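Numbering (this note's numbering), first residue to last: 29 to 256.
C-beta atoms are modelled at their ideal positions from N, C-alpha and C, and glycine is treated no differently.
Since we're looking at a predicted model, the values are computed, not measured.
Working notes, beginning with the structure itself.
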């Protein structure tokens, strides 16, 4: 990154810090999604957002070869604990977390210590593919629907939040408080919800969010998962 760009990022971070502090936000979660699909996080106090925007937050390149169970594999091209990366928060994508009062969230890009985009950075790769598509005259847009299983804990143990019928108004009534709170939280986080409904399987729910440019859409999906 050039010095002018870093100075502009620092100025933007100072502006955001004041706004976040006034809104009671005391910490910022900085996330990256690894090659196993796990959202990994580093957090900084809101007062440290400017430093994070200017210098990044350290992350070992070993996370390129982490598995979902936190076991570590090996690769000839990437991975290993030697060296350090810098997680640079995307300040334009930063949003307060409606379901985690006092917190904000921002996705990050991975950079080398020399300030160059790290080759395995998923967001940088996606951005490059968008640019390549644009060079071919293609404008990409995508959205996500997320399905998950949810259970509740009772005196008798853990049980699914519903047992069907699928897509029924009866089940919606059973989960309506959660569904309302989820929709409100997502809208407060500037994630546009298209629809919510109880799905086919026992305890299965689904929410669909609006299409956006690919990187922004992926960011919304990460935020959706965190909010749920």
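In chain order, what residues of the same chain lie with their CB nearer than 8 Å to the CB of residue i, ignoring the 5 residues before and after it?
i: residue 193; result: 199
i: residue 123; result: 132, 133, 134, 217, 218 and 251
i: residue 244; result: 121
To the nearest whole angstrom, what separates the beta carbons of residue i and residue j, a pair I think is in contact under 8 Å?
i: residue 96; j: residue 69; result: Rounded, the Cβ-Cβ distance is 15 Å, inconsistent with contact.
i: residue 171; j: residue 100; result: With 8 Å as the limit, residue 171 and residue 100 do not qualify as a contact, their Cβ atoms being about 33 Å apart.
i: residue 138; j: residue 119; result: Not a contact, Cβ separation roughly 16 Å.
i: residue 74; j: residue 48; result: 5 Å
Taking the alpha carbon of residue i as the reference point, which residue from the options has its own alpha carbon closest?
i: residue 226; options: 212, 43, 207 and 213; result: 207
i: residue 223; options: 230, 93, 231 and 212; result: 212
i: residue 246; options: 182, 204 and 136; result: 136
i: residue 169; options: 63, 153 and 240; result: 240
i: residue 54; options: 63, 130, 94 and 104; result: 130
i: residue 85; options: 102, 117, 221 and 91; result: 117
Please return the same chain residues whose Cβ sits closer than 6 Å to the Cβ of residue i, not counting the five positions on each side in sequence.
i: residue 34; result: 82
i: residue 127; result: 213 and 255
i: residue 235; result: 174 and 224
So, for residue i: in the same chain, excluding its five sequence neighbours on each side, which residues have a beta-carbon less than 7 Å away from its beta-carbon?
i: residue 89; result: 106, 107, 108, 111 and 113
i: residue 38; result: 78, 81 and 82
i: residue 41; result: 77, 78, 81 and 119
i: residue 231; result: 177, 178, 179, 188, 189 and 190
i: residue 61; result: 67, 150 and 250
Does the beta-carbon of residue i have 16 or more other beta-carbons within 10 angstroms, so that it is buried, or is it exposed?
i: residue 164; result: exposed
i: residue 191; result: exposed
i: residue 45; result: buried
i: residue 125; result: buried
i: residue 98; result: exposed
i: residue 87; result: buried
i: residue 148; result: buried
i: residue 174; result: exposed
i: residue 166; result: exposed
i: residue 92; result: buried
i: residue 248; result: buried
Any beta carbon from chain B within less than 8 Å of residue i's own beta carbon?
i: residue 247; result: No chain B is present in this structure, which holds just one protein chain.
* **Sequence ranges, beta strand (DSSP E) only - wholly within the region 171 to 196, length at least 3** => 173 to 177, 179 to 182 and 185 to 188
* Which runs of the beta strand (DSSP E), 3 residues or longer, sit entirely within the region 62 to 97? -> 67 to 73 and 85 to 87
* Asked: What beta strand (DSSP E) runs, 3 residues minimum, are completely inside the region 100 to 177?
  -> 113 to 117, 131 to 139 and 173 to 177
* Only counting runs of 4 or more residues, tell me where the alpha helix (DSSP H) segments fall wholly within the region 196 to 229, in order along the chain. => 197 to 202 and 204 to 216
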